[in-house]
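Visitor:
Residue numbers (the working numbering), protein chains in the order written: chain A, -2 to 186; chain B, 10 to 1133.
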């Protein structure tokens, strides 16, 4: 397993923020591995009976990846990157999964519960991604709020802080974005 | 849409949301200013905003976890997960992938089942599942898949369980419906697992064929306990609860079909839900489909809650009915009406399984003993052929050779027989035309058309027209228990059966033809295929003349290809190549072969006899010798029809070709009736060691020459039989040889010896085997007795009859036995016949007693007593007095009985016969018990018990214990009665004393009934019923009807009581097995009381219903406690 060092990540993040595409290519697998670990950690925490604190997730990923000594500016930047990365990775998974289900191994499509649940979330993930792109063309900030909130796991307050918006504004936009995305997803088919 | 519009919509939406819901519409009308498109967009978003709810509120990482782990959770060969190394992929289970792995630490094979992430995410659930898995594993039941551990390694959660080398039930079911017996086996094992686990407080919740595995050794393993529960929360983790795939058609259909109504309604479930699901599986195993079907989940759910399952399309029969009853009880919509525990269901499944196994075991053993002569015993009235056998019941002997050249005939006869109007078809033709063979072939090919079976009744051994009915009854397994009513019970048996009777060799008893008409009239679905040299000439008869095989016309020049197509030539070639494999038709021999067939008139039997000689005689030589013989013969037997002359000629020719030693054996063999075994041949045909040929060699040679037939009887001795046509010739030769008398004498001596040996064996552990042996040799016994009677051998005849009585009594040949004994006892008395006369008197007395003809019985025992006194035979005197005591007791003359018993006891004490003393004490105990003097009864029985113990006579000990239990029961001391019964049962089981066991079970059942434990009573009565049915003990069965009626009365189920009483009464009437007058009066009184309570109209209906039930139905009815 690849050992993730905070230093690597910080450098890569810096590189990516400078527009270095290769940095992103190297970053993705690192974040992916970390997210996977986090996801399992998240589950095992719930298994142990702890109440889930969604807000902690982004922070946790951040802390693990880049260490604590990071400026506020970088922090906002990082959350943005993390949320976008998460979105990219998940949509990617969903695409691969759907491909696998449709063409890769047709015989495997047993209509059992597990497959269907995953199948369902995979296609929804892709639809969500497409709707989110559309939203970005109509209200880019709302789309970013969704990224932070949904993909980054930040709270309203944290989102407001990172985006330098008022809490009320974030609340209002978040509500509108959700409604619109929901409407798009439900009425698209 | 553009950003501005979006902006505008957002403002409008948020303003609208600020209004009260009922004001929003008006607000929009005004705010949109007639922009309909805008208005509708905002309105539809309003709806979405209400519905969006939790949408996107849970962070994506949850989905991430799922997608990431699901994606990741594919194991590869050689991959190590802790101690486990993946060996191969086993398949995709309902929950996840399953792998075969090696446990490197413990060096064993295990199965790894990956848990999907949506389960593992719910830690609390998973933890509970682990707990449950541990609880289930702690039960440590052989029918439960053992879970070793639930663990995770490298972010993969998996269950480690025992590896099962086998298949899922689902897979097995894809090969087609299973037999009831197999389904019971699987069902009972699943049920055992459920019972154990329910007790541990765990519900499976998802019993379905996918979760049931059958190991190669037949062990059933139930998988996935508790997983279903784990599954329930899975939905919560979805991106959005409203978009769940729940309504996806087809999804979960597999699982939904097994849901109980309460599950379908989303209610809480308990153990009874598992019982329901198992019921669905039971149904599906046998029928190949689930009981509640539907195109969509909701259709299925509706069906589960509202519809009754379609009847199981099973071949009708008692087992299928019973099975269906069990299944229907598991599928009661109301869970309080189902089996309440898995143990209850298990017991019923197991019991039925045992019954079927017992029945097929019985049949197997019977087949062993009786050769292929299948006989359904009365037991099979209660339980027809096991549902597992695919074809209808039949007793058709297996034919070793194929039917040659008869395709057209077989097809024509089949066609005619399956026509509606044709119910009696007679195949006519001279001996040797192949009628028998043809009828057997047709019977075999029509098996699937006659669900009631195809039964073969050979009449060749019967010359007495009076025995036709009993011979048919015997073939069907119907017991005689009073001569007059046999026809009646035969009719009753046949009434509802769609059966084909193949009756062979009717010509000698054509006067019995009206009997066939009577049977046909009484049984609307019965058909008869009869072979006879002449038609029966009764109404409705259709005649099918069986013509000889066609032969090419003489002088016709035909190519070989054409010649071999003539059936006669085909048959000749077939049989010839059987003895001389390289024999073929050539241009040189073709003419001779055709000529042989032609000379033999195309008669199959004649052709077979000729062809059998081809080994030593080439066709031309064969033809020459045959011509001579036929010429010779036609001189002497001009009065016979020409074909019969030909047939006789062929047999005579074949006989001539035997050497003198073989000829001697052949003609001697004709003395047997309906065949014999090798031992009989050696002892009868070679009694004076004058055969000059080894019996086995001779027999083999005769078989080779088609003069004798061998019937293999799996495991048992081979049986040798002769075709009727050939027997006739053999008997002529025997008479001509002057040996007939001597042979018959030897025959009678042999069967006398066998009968006397069997008489004692009939009380031993080999009882059933000997009963079957007697049945098999019944024809020989009858012939021997008849010969002895007609040839002034009264001693032999009396001894034979005296030895046969136990068989007659046990198998219910009461009328026949009494008639034979009556005739023999009327013969002149001589000094030699004294002893066998005494025995015959005894036998006649007992048979009379069996028919409740006490007057006659008493007269016979009196006669016997007088003779013993005359002889000064104290033992005989004591014995006769004892028997008179029994008759007195039967007539409820208690004072007389006691006096007689005491007298015989005194005598036996004088004689020092301890065993007899013990028996007499027991009899005295009976009197005391019946007169209510329980203390005295105890004393007598106890004294008797101690004596038997000293004598180490376990049969006696068991009897005494049974009696002691009776006294305790009659006193109302149920707690004391049971241990006596139990001890007695143990001994009887060891001894294999079936009949005594049946009586004991019956009393034990009565005890349970008196205690109010009606379920137990039913079980015990059923045990009893099975044995009585099997032994054909009509009185036992009728008494059980009374017992069941009694129980019904105490349950307040008066109509049931009446139906049972009337069924019992009818059965006794039918078999002239009357109740002793006092018992009858008692029964009558009980009936009167019920009738008064129930009212006359209702009573009469119930009474008539009971009478209308055929015996088998009544037995079923008596055993089904839950019927009204």
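Glycine included, every Cβ here is placed at the ideal spot set by N, Cα and C.
Name the chain B residues that come within less than 8 Å of residue 176 (chain A), Cβ to Cβ?
Guide: Ordered by position in chain B, the residues that pass the 8 Å Cβ test against residue 176 (chain A) are 22, 54, 57, 58 and 61.
Visitor: Could you name each continuous alpha helix (DSSP H) segment of 4 residues or more that falls completely within the region 911 to 997 of chain B, going from the start of the chain to the end?
Guide: Within the region 911 to 997 of chain B, the complete alpha helix (DSSP H) runs of at least 4 residues are 923 to 939, 943 to 959 and 963 to 979.
Visitor: So what's residue 463 (chain B) in DSSP terms, helix, strand or just coil?
Guide: DSSP places residue 463 (chain B) in strand when its eight states are reduced to three.
Visitor: Going by the beta-carbon positions, is the gap between residue 1152 (chain B) and residue 804 (chain B) smaller than 9 Å?
Guide: Outside the shown range of chain B (10 to 1133) lies residue 1152 (chain B), about which nothing can therefore be said.
Visitor: What is the residue span of the alpha helix (DSSP H) that residue 36 (chain B) lies within?
Guide: Here the alpha helix (DSSP H) through residue 36 (chain B) covers 33 to 40.
Visitor: On a Cα-Cα basis, can you pick out the residue from B:1117, B:1068 and B:1122 that is closest to residue 1103 (chain B)?
Guide: Checking every option, the nearest Cα to that of residue 1103 (chain B) belongs to B:1068.
Visitor: How about residue 1157 (chain B) and residue 162 (chain B): do their beta carbons lie closer than 9 Å?
Guide: Residue 1157 (chain B) is absent from the model: chain B starts at 10 and stops at 1133.
Visitor: Would residue 61 (chain A) pass as an interface residue toward chain B - the criterion being a Cβ-Cβ separation below 9 Å?
Guide: Note on residue 61 (chain A): pLDDT 49, under 50, position unreliable in the model; the coordinate value appears next. No, residue 61 (chain A) does not count as interfacial toward chain B.
Visitor: Report, in whole angstroms, the separation of the C-beta atoms of residue 355 (chain B) and residue 197 (chain B), which I expect to be a contact under 8 Å.
Guide: Between residue 197 (chain B) and residue 355 (chain B) the Cβ distance is about 6 Å, and since that is below 8 Å, they are a contact.
Visitor: I'd like the span of the beta strand (DSSP E) that includes residue 320 (chain B), first residue to last.
Guide: Looking at the DSSP string, residue 320 (chain B) is not in any beta strand (DSSP E), and its letter there is neither H nor E.
Visitor: Which partner residues of residue 120 (chain B) appear in the DSSP bridge assignment?
Guide: BP columns for residue 120 (chain B) point to B:109 and B:170.
Visitor: Check whether the region 952 to 961 of chain B and the region 978 to 994 of chain B touch, using three or more Cβ-Cβ pairs below 8 Å as the test.
Guide: As far as the Cβ criterion goes, the region 952 to 961 of chain B does not touch the region 978 to 994 of chain B, which means the pair count is below three.
Visitor: Is the distance from the Cβ of residue 96 (chain B) to the Cβ of residue 111 (chain B) below 9 Å?
Guide: Closer than 9 Å, so yes.
Visitor: Please go through the region 516 to 598 of chain B and give each complete beta strand (DSSP E) segment of 3 or more residues, from N-terminal end onward.
Guide: DSSP runs (the beta strand (DSSP E)) wholly in the region 516 to 598 of chain B: 536 to 541 and 550 to 554.
Visitor: For a contact defined as C-beta to C-beta under 8 Å, what are the partners of residue 173 (chain A) on chain B?
Guide: Those within 8 Å of residue 173 (chain A) in chain B are 19, 22 and 23.
Visitor: Against residue 136 (chain A), what residues of chain B qualify as contacts under a CB-to-CB distance less than 9 Å, listed in chain order?
Guide: By Cβ distance, chain B contributes 12, 15, 16 and 19.
Visitor: Among the candidates B:463, B:737 and B:571, whose CA atom is the shortest distance from the CA of residue 661 (chain B)?
Guide: If we check each option's Cα against that of residue 661 (chain B), B:737 comes out closest.
Visitor: Along chain B, in chain order, which residues have C-beta atoms closer than 9 Å to that of residue 143 (chain A)?
Guide: 65, listed in chain order.
Visitor: Cβ of residue 911 (chain B) less than 9 Å from any chain D Cβ?
Guide: Of the protein chains in this structure, namely A and B, none is chain D.
Visitor: Do residue 442 (chain B) and residue 612 (chain B) come within 9 Å of each other at the CB atom, strictly closer than that value?
Guide: It is a contact, given that the beta carbons lie within the stated cut-off.
Visitor: Could you give the uninterrupted runs of the alpha helix (DSSP H) lying entirely in the region 170 to 194 of chain B, keeping only those of 4 residues or more?
Guide: Within the region 170 to 194 of chain B, the complete alpha helix (DSSP H) runs of at least 4 residues are 178 to 182.
Visitor: Say whether the region 496 to 510 of chain B touches the region 815 to 826 of chain B, bearing in mind that this needs 3 or more beta-carbon pairs closer than 8 Å, one atom from each stretch.
Guide: As far as the Cβ criterion goes, the region 496 to 510 of chain B does not touch the region 815 to 826 of chain B, which means the pair count is below three.
Visitor: What distance in whole Å lies between the Cβ atoms of residue 217 (chain B) and residue 290 (chain B), which are believed to be in contact at a cut-off of 8 Å?
Guide: That pair is a contact at about 7 Å.
Visitor: So with CB distances below 7 Å, who are the chain B contacts of residue 169 (chain A)?
Guide: Within chain B, the residues near residue 169 (chain A) are 23.
Visitor: What's the call for residue 10 (chain B), buried or exposed, on a 16-neighbour Cβ count within 10 Å?
Guide: Label assigned to residue 10 (chain B): exposed.
Visitor: Assign residue 86 (chain B) to buried or exposed, taking buried as 16 or more other Cβ atoms, counted over all protein chains shown, within 10 Å of its Cβ.
Guide: Flag for residue 86 (chain B) reads exposed.
Visitor: Measuring CB to CB, does residue 538 (chain B) end up less than 9 Å from residue 528 (chain B)?
Guide: No.
Visitor: Would the region 577 to 589 of chain B and the region 542 to 556 of chain B be scored as touching if the rule is three or more Cβ pairs under 8 Å?
Guide: No, the region 577 to 589 of chain B does not touch the region 542 to 556 of chain B.
Visitor: If you count every other CB in all the chains shown that lies within 10 Å of the CB of residue 84 (chain B), and 16 or more means buried, which is it?
Guide: Buried, because 16 or more other Cβ atoms sit within 10 Å of the Cβ of residue 84 (chain B).
Visitor: Distance, Cα to Cα, residue 143 (chain A) vs residue 23 (chain A)?
Guide: The alpha-carbon atoms of residue 143 (chain A) and residue 23 (chain A) are separated by roughly 25 Å.
Visitor: Quick test of your reading: residue 170 (chain B) and residue 156 (chain B), contact by CB under 8 Å. State the CB separation rounded to the nearest angstrom.
Guide: About 5 Å separates the two Cβ atoms, so the contact holds.
Visitor: Let me know the secondary structure DSSP gives residue 92 (chain B) once reduced to three states.
Guide: Residue 92 (chain B): coil per DSSP, three-state reduction.
Visitor: According to DSSP, which residues form a beta bridge with residue 97 (chain B)?
Guide: Residue 97 (chain B) is bridged to B:109.
Visitor: Could you give the distance in angstroms between the alpha-carbon of residue 683 (chain B) and the alpha-carbon of residue 831 (chain B)?
Guide: Rounded to the nearest angstrom, the two C-alpha atoms are 26 Å apart.
Visitor: So that I know if they touch, is there some Cβ in chain B lying closer than 9 Å to that of residue 8 (chain A)?
Guide: It does not; no Cβ of chain B falls within 9 Å.
Visitor: Check the DSSP bridge columns for residue 230 (chain B) and list the partner residues they point to.
Guide: BP columns for residue 230 (chain B) point to B:222.
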